[in-house]
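Quick note: to get the working numbering, add 15 to the position in the sequence shown (first position is 1). Structure first, then comments.
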Amino acid sequence: MSVSVDDFQQKHVSFNVVEAKDLPFHCPPKDAQKWSMHPKVFMKFNSEGKAACPYCGASYELV
């Protein structure tokens, strides 16, 4: 998976990269620490390949 735990926990990262092999993708990522998790949300990427989590605001870009 392309998203690291450190990237997930940073609030001001412009976006996290998601590869097609990681689909279906959800937030929080699989490797996020248990204590920092919100309910799992599967991301719906728009026509530009971007998605944002409604819980934590993390931004993702599909490459």
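From the three backbone atoms N, C-alpha and C, an ideal C-beta is built for every residue, glycine too. Keep in mind the model is a prediction, meaning the values are calculated, not measured.
Subject >> Backbone CA spacing between L77 and V33 [nearest angstrom] >> reply: As a working note, residue 77 is residue 62 in the sequence shown. As a working note, residue 33 is residue 18 in the sequence shown. So the two alpha carbons sit approximately 5 Å from each other.
Subject >> CA nearest to the CA of Y70, picked from G64, E63, F57 and N61 >> reply: For the purposes of this step, residue 70 is taken as residue 55 along the sequence shown, with counting starting at 1. Considering only alpha carbons, the answer is F57.
**OP:** Give the range of the beta strand (DSSP E) segment to which N31 is assigned.
**Re:** On the sequence shown, residue 31 is found 16 positions in, with the first residue counted as 1. Looking at the DSSP string, the run of the beta strand (DSSP E) that includes N31 is N31 to V33.
Subject >> Simplified DSSP state of S62, which is helix, strand or coil >> reply: By 1-based counting over the sequence shown, the position of residue 62 is 47. Coil at S62, not helix or strand.
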